[in-house]
Structures are given as structure tokens and as C-alpha cells.
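Enquirer:
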Amino acid sequence: MKSPSLLLAAVLASALAPVFAVAPARAQMTLDQACAKFSDKLDAAVASGDKVKAGKIYTEGSKRVASHFNGATCPNVKAPCCDGCTKGFGL
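Residue 19 is where the sequence shown starts when you use the numbering used here, and the numbers rise one by one after that.
1) With 16 other CB atoms within 10 Å as the buried threshold, where does P93 fall?
2) For the alpha helix (DSSP H) containing T91, name the first residue and the last one.
3) Quick test of your reading: P110 and G73, contact by CB under 8 Å. State the CB separation rounded to the nearest angstrom.
4) With burial defined as no fewer than 16 other Cβ atoms inside 10 Å of the residue's Cβ, what is the status of G79: buried or exposed?
5) So, using beta-carbon positions, are A90 and I75 closer together than 8 Å?
6) With a 10 Å radius around its C-beta and 16 neighbouring C-beta atoms as the bar for buried, classify V83 as buried or exposed.
7) Give a yes or no on whether the C-beta atoms belonging to F87 and A52 are separated by under 8 Å.
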């Protein structure tokens, strides 16, 4: 017969296991997926006509992609200004 303390320990361990379980790792996003998501967000901001928001999305998105992908850029994503410049967007 098992001792009461071992039985209690087993019951507590099984009851607390879900509390201390480690969450599964999030799937990693590829550069192509990140660029597509970035492009979609930027396109929506440009379409809304909010130039300030579009500029912020471009600046922050460019920095985020570069930091997560070892300095990589999204060549398909262009700065959201009419003359192709990045002036005023922090770049």
C-alpha cells in the first residue's frame, strides 16, 4: 500500500501540472510572410488617407522587419509618399 504522503504528492502533481505547463512555441514567421503582413497594413493606412499613420507604419514596420530578420528589408514595400522619398519618416 502506498503511503498517504506519496498519494497526496501524486494527486497534487497531477492537479498542478496544467498550471505549470509551458505553452508551445509560436510558429516562426518567414520574411515573405512578414513582408506581406507589413505591406497589407501599410496599404490599408495609405488607402485610409492617413499619411501620419502610414508613415508610422512604414517606419516601425521597416525597423521590425530588419530587427527580426538580421537587417533584411521588404523590397516590395515602398515608402508611402508621392515622390518616393523617405524624408519625414525617420529613415
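We treat Cβ as the ideally placed atom computed from N, Cα and C, and that holds for glycine.
Expert: Let me spell this out:
1) P93 is exposed by the Cβ-count criterion.
2) For T91, no alpha helix (DSSP H) run applies, since DSSP gives it neither H nor E.
3) In the structure as shown, the chain begins at 19 and stops at 109. Residue 110 is therefore absent and cannot be evaluated.
4) G79 comes out buried.
5) No.
6) Classification of V83: buried, given that the 10 Å Cβ count is 16 or more.
7) It is a contact, given that the beta carbons lie within the stated cut-off.
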